[in-house]
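Position in the sequence shown counted from 1, then plus 37, gives you the working numbering. The beta carbon of each residue, even a glycine, is placed where N, CA and C say it ideally should be. Scroll down for the structure; my scribbles are underneath it.
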Amino acid sequence: MDLTWIGTGIMGAPMVRRLLKAGHRVRVFNRTIEKARALAADGAIVASNPSEAIEGAAMIFTMVPDTPDVLRVIDQISSALVSDQLVIDMSTISPAASRKIADSLASRGVAVLDAPVSGGEPGAIDGTLTIMVGGTPEAFARAQPILANLGKRVTHMGAAGAGQTTKLANQIAVSLNCTAAAEALLFARQGGLDPARVLEAIGDGAAASWQLNNLGPKMLVHDNRPGFFVKLLRKDLRLVAEAAKEYGLALPALALVSSIYNTAAAMGHDDDGHQSVADALERIAKVK
Ligand code: NAP
38 MDLTWIGTGI
48 MGAPMVRRLL
58 KAGHRVRVFN
68 RTIEKARALA
78 ADGAIVASNP
88 SEAIEGAAMI
98 FTMVPDTPDV
108 LRVIDQISSA
118 LVSDQLVIDM
128 STISPAASRK
138 IADSLASRGV
148 AVLDAPVSGG
158 EPGAIDGTLT
168 IMVGGTPEAF
178 ARAQPILANL
188 GKRVTHMGAA
198 GAGQTTKLAN
208 QIAVSLNCTA
218 AAEALLFARQ
228 GGLDPARVLE
238 AIGDGAAASW
248 QLNNLGPKML
258 VHDNRPGFFV
268 KLLRKDLRLV
278 AEAAKEYGLA
288 LPALALVSSI
298 YNTAAAMGHD
308 DDGHQSVADA
318 LERIAKVK
């Protein structure tokens, strides 16, 4: 199938490689064009602008950071979109914006799915992402065989925006779990234990989590290389807070964790992986 992919960063690039491996023709575009060009060696066709990128594509994927970035791309491709093309936005953005995009393109015969993902860079490389999809059942049925190349669990959550709302619920659990893992390991070390042994002891029990088991070992050696940037998690927590305000819902634990991640950013961790919350907690506790 002829596909287009816009946004070939940490997540987008390995996802494109999976689609190429599955035999699809993929035309790619990225704002910093070198990142798109890096995929030419894998067989991607590099477009020089977004509207050239979508020409003749059955499906157009976007994987860019935030709501304004998706809106910019939609604006850039809007006049070149033709009916029957399917736009699949896999970025994490505002559910309300996803609904608006779907409504505005529906009148042109262009279907839109919001299909944000969880599972990080390793999931993108292995094709084991969790994919949460909002949109019409017809559009979901069209996209499902392609999405199966990218994710091990692809779930249709409901109408436009439902994928994003699911993803934001996921991010509440991710941020709280990651901070809990960091605090548990800090506590264990200050209590005189070897935190690596604590990880071994509790990593298979009731405290087990993807965050504890995958990021705990990185926290112990201060490996803050990004799989998922602190700045993107802070963006997601802002989206959660905006949606919660819309629902009139108090989320006190989320508010606390947001302020911890904002402190981590103020300490210079915005371009680090979100496991760097462990370093921030050490500094807050004045622990060496
Ligand atoms: P990233 O590495 O920053 O990649 C985003 C890419 O989009 C960058 O290469 C950026 O180009 C490009 N871009 C931005 N605006 C653009 C535009 N107008 N036109 C074309 N390209 C544009 O971020 P990521 O980690 O891949 O995350 C992408 C999305 O997935 C985010 O919404 C994030 O929240 C979500 N997500 C990430 C993870 C993870 O673990 N990383 C997990 C789940 C979900 P430049 O190089 O010019 O900046």
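Practice prompt. Quick one: grab the DSSP three-state call for residue 115.
Written response: Position 78 of the sequence shown, counted from the start, is the residue given in the question as residue 115. Residue 115: helix per DSSP, three-state reduction.
Discussion item. On a Cα-Cα basis, can you pick out the residue from 68, 41, 206 and 137 that is closest to residue 56?
Written reply: The count along the sequence shown starts at 1 and reaches residue 56 at position 19. Out of 68, 41, 206 and 137, 41 has the C-alpha closest to the C-alpha of residue 56.
Discussion item. Can you look up residue 256 in the DSSP assignment and give me helix, strand or coil?
Written reply: In the sequence shown, the residue the question calls residue 256 occupies position 219. Helix, per DSSP.
Worksheet item: Per DSSP, residue 275 is paired with what?
Response: For the purposes of this step, residue 275 is taken as residue 238 along the sequence shown, with counting starting at 1. DSSP output for residue 275 lists no bridge partner at all.
Item to complete: Return yes when the C-beta of residue 265 is under 6 Å from any heavy atom of the ligand NAP, and no when it is not.
Response: Counting from 1 along the sequence shown, the entry for residue 265 is found at position 228. Answer for residue 265: yes, Cβ within range of the ligand NAP.
Worksheet item: Can residue 72 be considered in contact with the ligand NAP, in the sense that its beta carbon sits closer than 6 Å to one or more heavy atoms?
Response: In the sequence shown, counting from the first residue as 1, residue 72 sits at position 35. Yes, since a heavy atom of the ligand NAP falls inside the 6 Å radius drawn around the Cβ of residue 72.
Discussion item. Tell me the residue span of the beta strand (DSSP E) that contains residue 125.
Written reply: Residue 125 sits at position 88 when you count from the first residue of the sequence shown. Element bounds for residue 125: 123-126.
Worksheet item: To which residues of the same chain is residue 118 closer than 6 Å at the C-beta, ignoring the five residues directly before and after it?
Response: Counted from its first residue, the sequence shown places residue 118 at position 81. Correct list, in chain order: 147.
Worksheet entry | Any 3 or more C-beta pairs closer than 8 Å across the region 78-85 and the region 95-112 | no
Practice prompt. Below 8 Å CB to CB, which residues in the same chain sit around residue 67 once its five sequence neighbours on both sides are set aside?
Written response: Walking along the sequence shown from the start, residue 67 turns up at place 30. Contacts found: 43, 44, 45, 46, 49 and 73.
Practice prompt. Consider the C-beta atom of residue 194 and the heavy atoms of the ligand NAP; say whether any pair is separated by less than 6 Å.
Written response: Position 157 of the sequence shown holds residue 194. Checking every heavy atom of the ligand NAP against the Cβ of residue 194, none is found closer than 6 Å.
Worksheet item: How many angstroms separate the CA atom of residue 128 from the CA atom of residue 245?
Response: For the purposes of this step, residue 128 is identified with residue 91 of the sequence shown, where counting begins at 1. For the purposes of this step, residue 245 is identified with residue 208 of the sequence shown, where counting begins at 1. Their Cα atoms are separated by approximately 27 Å.
Worksheet entry | Three-state secondary structure (DSSP) of residue 137 | As a first step, residue 137 is located in the sequence shown; it is residue number 100 there, counting from the start. In this structure, residue 137 counts as helix in the three-state DSSP scheme.
Worksheet item: Between the region 166-184 and the region 196-206, are three or more C-beta pairs nearer than 8 Å?
Response: yes
Worksheet item: How many angstroms separate the CA atom of residue 124 from the CA atom of residue 101?
Response: Indexing the sequence shown from 1 puts residue 124 at position 87. Indexing the sequence shown from 1 puts residue 101 at position 64. About 14 Å.
Item to complete: State the Cα-Cα distance for the pair residue 140 and residue 219, rounded to the nearest angstrom.
Response: Within the sequence shown, the letter at position 103 stands for residue 140. Within the sequence shown, the letter at position 182 stands for residue 219. So the alpha carbons of these two residues sit roughly 42 Å apart.
Practice prompt. Could you tell me the boundaries of the beta strand (DSSP E) in which residue 149 lies?
Written response: Within the sequence shown, the letter at position 112 stands for residue 149. First-last of the beta strand (DSSP E) with residue 149: 148-151.
Worksheet item: Per DSSP, what kind of secondary structure is residue 41 in: helix, strand or coil?
Response: Translated into the one-based positions of the sequence shown, residue 41 becomes position 4. It is a strand residue.
Practice prompt. Can you give me the Cβ contacts of residue 226 inside the same chain, cut-off strictly under 6 Å, excluding the 5 residues immediately before and after it?
Written response: What you label residue 226 is simply residue 189 of the sequence shown in a count that begins at 1. Counting only Cβ-Cβ distances below 6 Å, and skipping sequence neighbours, we find 232.
Fill in: Pick from 94, 322 and 313 that is closest to residue 212, judged by C-alpha positions
Mapped onto the sequence shown, residue 212 falls at position 175. Of the listed residues, the one whose Cα sits closest to residue 212 is 313.
Practice prompt. With DSSP collapsed to three states, give me the class of residue 189.
Written response: By one-based count along the sequence shown, residue 189 stands at place 152. In the structure shown, residue 189 sits in a strand (DSSP, three-state: E or B).
Worksheet item: Quick one, which of 39, 51 and 38 has its alpha-carbon nearest residue 264's?
Response: In the sequence shown, counting from the first residue as 1, residue 264 sits at position 227. Ranking 39, 51 and 38 by Cα distance to residue 264 puts 51 first.
Worksheet item: What did DSSP end up calling residue 236 once you bin it into helix, strand or coil?
Response: What you label residue 236 is simply residue 199 of the sequence shown in a count that begins at 1. Note: residue 236 maps to helix in three-state DSSP.
Worksheet item: Do you know offhand how far residue 195's Cα is from residue 320's?
Response: Translated into the one-based positions of the sequence shown, residue 195 becomes position 158. Translated into the one-based positions of the sequence shown, residue 320 becomes position 283. Approximately 43 Å, taken between the alpha carbons.
Worksheet item: Cβ of residue 302 within 7 Å of Cβ of residue 267?
Response: Residue 302 sits at position 265 when you count from the first residue of the sequence shown. Residue 267 sits at position 230 when you count from the first residue of the sequence shown. The answer is yes: Cβ separation under 7 Å.
Worksheet item: Near residue 295, which residues of its chain fall below 6 Å by C-beta distance, leaving aside the five closest residues on each side in sequence?
Response: Position 258 of the sequence shown, counted from the first residue, corresponds to residue 295. Excluding positions up to five away in sequence, the list reads 274.
Discussion item. Applying the 10 Å Cβ sphere with the 16-neighbour rule, what's the burial state of residue 69?
Written reply: Locating residue 69 in the sequence shown gives position 32, where the first residue counts as 1. Exposed, because fewer than 16 other Cβ atoms sit within 10 Å of the Cβ of residue 69.
Item to complete: Counting only the same chain and skipping the five closest in sequence on each side, list residues whose C-beta sits under 6 Å from that of residue 39.
Response: For the purposes of this step, residue 39 is taken as the residue at position 2 of the sequence shown. Within the same chain, residue 39 has close Cβ partners 62, 93, 94 and 95.
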